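Undergrad: Here you go, one structure.
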Amino acid sequence: MPAPDVLPAPSWLDLVNGAMAVVIWLVQVIIYPSFAYLPVDRLLVWHARYTRAISFFVVPLMLGQLALLAPGVLRGEPAATAMAALALLAWGVTFKFSVALHRRLAAGQDPLGAAALLVRTNWPRTVLWTAVFVVGLATG
748 MPAPDVLPAP SWLDLVNGAM AVVIWLVQVI IYPSFAYLPV DRLLVWHARY TRAISFFVVP
808 LMLGQLALLA PGVLRGEPAA TAMAALALLA WGVTFKFSVA LHRRLAAGQD PLGAAALLVR
868 TNWPRTVLWT AVFVVGLATG
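Residues 748 to 887 (the numbering used here) make up the sequence shown, in order.
What follows is the structure in structure tokens.
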């Protein structure tokens, strides 16, 4: 009887890239849209709790992703360089749009408008981190 095909074990980078893709899709499809269903007073309380909690997951993943990509970038590997460029673009969108909108929401400045903009402006991040994951799998 032939041995069953076994998939190769994923690398740490594959796992981190996959985790980032899952997190960003959960944020895009479930978390950000759910803000519209909360009364403003509850949204402000929940948002403060959410941003603290999500940071414990997202910050280590973001930093870990770049740390795991760095050796490949330094060796001039095209796949690592492409993934790092996509991840850094996602960081740029994060700091230009998402962080600013989270601050606006936290300050109570048109929180429902800020929440709606979070959904719309998060699509580029969703595409970018998904692309990082796909490039990693395709070249892995």
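Note that beta-carbon positions come from the ideal geometry of N, C-alpha and C, so glycine has one too.
These numbers come from a predicted model, not from an experiment.
1) Going by CA-CA distance only, name the one from F880, A885, R796, F844 that's closest to A834.
2) Check whether the Cβ atoms of V774 and A826 sit closer than 8 Å, and answer yes or no.
3) So, does the segment 853-866 touch the segment 806-813, judging by three or more C-beta pairs under 8 Å?
4) What number of angstroms, rounded off, separates the C-alpha of A861 from the C-alpha of L816?
5) Are the CB atoms of R872 and I777 within a distance shorter than 8 Å?
6) So, are the CB atoms of L875 and S845 less than 8 Å apart?
7) Could you give the first and the last residue of the continuous alpha helix (DSSP H) run that contains T828?
8) Runs of 4 residues minimum, wholly inside the segment 751-814: which ones carry the alpha helix (DSSP H) assignment?
9) Could you pull the start and end residues of the alpha helix (DSSP H) that R872 belongs to?
10) Give the DSSP-derived three-state secondary structure of G860 in the structure shown.
11) What does the alpha-carbon distance come out to for the pair I801 and A831?
TA: Checking against the coordinates, here is how it stands:
1) Locating residue 834 in the sequence shown gives position 87, counting from the first residue. Of the listed residues, the one whose Cα sits closest to A834 is F880.
2) By one-based count along the sequence shown, residue 774 stands at place 27. By one-based count along the sequence shown, residue 826 stands at place 79. Not closer than 8 Å, so no.
3) no
4) Indexing the sequence shown from 1 puts residue 861 at position 114. Indexing the sequence shown from 1 puts residue 816 at position 69. Taking the straight line from one Cα to the other gives about 33 Å.
5) For the purposes of this step, residue 777 is taken as residue 30 along the sequence shown, with counting starting at 1. For the purposes of this step, residue 872 is taken as residue 125 along the sequence shown, with counting starting at 1. Going by C-beta atoms, I777 is not nearer than 8 Å to R872.
6) Position 128 of the sequence shown holds residue 875. Position 98 of the sequence shown holds residue 845. Contact flag unset, no.
7) In the sequence shown, residue 828 corresponds to position 81, counting from 1. From DSSP, the alpha helix (DSSP H) with T828 extends over 825-840.
8) 759-773
9) For the purposes of this step, residue 872 is identified with residue 125 of the sequence shown, where counting begins at 1. Counting along the chain, the alpha helix (DSSP H) containing R872 begins and ends at 870-886.
10) Indexing the sequence shown from 1 puts residue 860 at position 113. Three-state DSSP puts G860 in a helix.
11) Looking up residue 801 in the sequence shown gives position 54. Looking up residue 831 in the sequence shown gives position 84. Answer to the nearest angstrom: the Cα atoms are 22 Å apart.
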